[in-house]
Amino acid sequence: MLTVDGRSTYSPATCVDIEGVPHPSTWSGSAVDHTPRPDLLLDLPPQIIGDVPLSGATLVGVAIGPALAAAADHFGTEPTVLIGVHPHWWPAGKIADYERALARLTPHTALIPWPEAIAAQTVPPATASHVTVMDFGASTATITVVSFSRRGVPRVRFTHTDRAGGSRGVDRVIVADAAAEAGIDLSGQDQHWWEEAASQVAASRRRLCTETGSWPAAIDIEFPAPLGARQLRGPRLRQLTTTHMQKVVAGLIAHEDVQSAWSDDRTSTTTQPLVEVTGGFGQDPSVLSAVKAEAGRADLVPEPASAAAFGAVLAHAPAWVPADQKPSRFRFGRSRSAVPAQRARS
Numbered sequence: 002m003l004t005v006d007g008r009s010t011y012s013p014a015t016c017v018d019i020e021g022v023p024h025p026s027t028w029s030g031s032a033v034d035h036t037p038r039p040d041l042l043l044d045l046p047p048q049i050i051g052d053v054p055l056s057g058a059t060l061v062g063v064a065i066g067p068a069l070a071a072a073a074d075h076f077g078t079e080p081t082v083l084i085g086v087h088p089h090w091w092p093a094g095k096i097a098d099y100e101r102a103l104a105r106l107t108p109h110t111a112l113i114p115w116p117e118a119i120a121a122q123t124v125p126p127a128t129a130s131h132v133t134v135m136d137f138g139a140s141t142a143t144i145t146v147v148s149f150s151r152r153g154v155p156r157v158r159f160t161h162t163d164r165a166g167g168s169r170g171v172d173r174v175i176v177a178d179a180a181a182e183a184g185i186d187l188s189g190q191d192q193h194w195w196e197e198a199a200s201q202v203a204a205s206r207r208r209l210c211t212e213t214g215s216w217p218a219a220i221d222i223e224f225p226a227p228l229g230a231r232q233l234r235g236p237r238l239r240q241l242t243t244t245h246m247q248k249v250v251a252g253l254i255a256h257e258d259v260q261s262a263w264s265d266d267r268t269s270t271t272t273q274p275l276v277e278v279t280g281g282f283g284q285d286p287s288v289l290s291a292v293k294a295e296a297g298r299a300d301l302v303p304e305p306a307s308a309a310a311f312g313a314v315l316a317h318a319p320a321w322v323p324a325d326q327k328p329s330r331f332r333f334g335r336s337r338s339a340v341p342a343q344r345a346r347s
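In this note's numbering, the protein residues as written are 2 to 347.
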């Protein structure tokens, strides 16, 4: 939730969980804290509840409604604008259903793909031809190039996905390296064994590296037999992660349309492409290092949910405020000049 107060500022975003409890903008939540995933609800056929058939759009409203109501009680005002951020690859029909669901909850609604929301908060559109958003998850790595219209409205131009470019690929590399160092043959292990072994690496990496921003000197991991308990060297794991992800990033940016867009940027107002890194695995320092090594520069989005919220407001602000009064960038942790407001509204 973003608030525009009487001093004409956007305050930093507040995350609200399913029970309406506010959290700071750095909060990432957990599976039990979030509403049921809208994409799953929207895919459901009408559900019979109390002898009444309820559509997926209705179920989304039912899921989000209590959180909005509790949040309104906390903030003392009803939200006036609700913007849904969704995967850019959603089909038009699902997006329309999602918009109908949100329209029942607030006076103003809008929808925006995730890469466009991230790109919109990055820089004033006049200073760059494109913004590239690289998203790294557990399974995949995605590159999306976003352009801006003359009015500053972001639009996804194209996207490419490496379906094996996420953290699970790195985890398997680390398992194989540990086995090679121990002289243990894993050729007879099945898919289930590899998934279990990789999950042990993932849990240790998140706890000891991603959440702290640096690799420890050593990491103790309990692998399933025959590999067993092993102590792995932090510098070695960092090297493996960076090297593997450099190959992933190089493959993504090698696409001809990416190179063409970046070439246009280099001949206009910027000397290097503007690259924003998001995603859970994107928080790993080795991933950011890999992107910088291949792209020349990259910025980690420190508070992705807040950034997407603010970018969504910037992209859709012309719908309810004068376009020339939009703020140009969100400063995390500080207020930011925005549009004149006659009264407090969120």
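Backbone N, C-alpha and C fix where the C-beta goes; we use that ideal spot for every residue, glycine too.
Apart from the five residues just before and just after residue i, which ones in its own chain have a Cβ nearer than 8 Å to its Cβ?
i, result
"L241", "V171, V174, I175, D178"
"A203", "A139, S168, R169, D172"
"S188", "none"
Nearest to residue i by alpha carbon, out of the options?
i, options, result
"E79", "A310, E196, T107, A316", "T107"
"E1", "R231, A262, M246", "Since the first and last residues shown for the chain are 2 and 347, residue 1 lies out of range."
"P116", "E100, C210, R158", "R158"
"I113", "T133, W90, M135, H131", "W90"
"P67", "V17, H193, V314", "V17"
"E257", "A73, P88, S56, H161", "H161"
"P155", "T81, H131, D44, A306", "H131"
"P92", "D40, V314, S287", "D40"
"A308", "L55, Q48, A118", "A118"
"T59", "H87, A97, P25, P305", "A97"
"R105", "I254, A64, E197", "A64"
"V259", "M135, G229, E304, V302", "M135"
Leaving aside the five residues before and after residue i along the sequence, list all residues of the same chain whose C-beta is less than 6 Å from its C-beta, in chain order.
i, result
"C210", "W216"
"P323", "Per-residue confidence for P323 stands at a pLDDT of 46, beneath the threshold of 50, marking its modelled position as unreliable; the derived number appears in the next sentence. Closer than 6 Å at the Cβ level, and outside the excluded window around P323, lies no residue."
"V53", "none"
"G283", "F137"
"Q232", "A219, D221"
In the DSSP assignment, find the alpha helix (DSSP H) that holds residue i and state where it starts and stops.
i, result
"L241", "235-254"
"F76", "57-76"
Using C-beta distances below 7 Å, list every residue in its chain close to residue i, excluding the 5 sequence neighbours before and after it, in chain order.
i, result
"A299", "V276, V278, L289, V292, K293"
"G235", "W216, P217, A218, A219, I220"
"L103", "L83, G85, T110"
"V249", "A142, D163, G166"
"P47", "P54, L55, S56"
"T244", "none"
"W194", "P225"
Kindly indicate the opening and closing residues of the beta strand (DSSP E) around residue i.
i, result
"G85", "82-87"
"P114", "109-114"
"Q48", "48-50"
Would you check if the distance between the CB atom of residue i and the CB atom of residue j is smaller than 8 Å?
i, j, result
"A183", "V147", "no"
"G62", "L43", "no"
"P225", "I185", "no"
"R208", "S287", "no"
"T145", "P274", "no"
"Q122", "F311", "yes"
"Q201", "E223", "yes"
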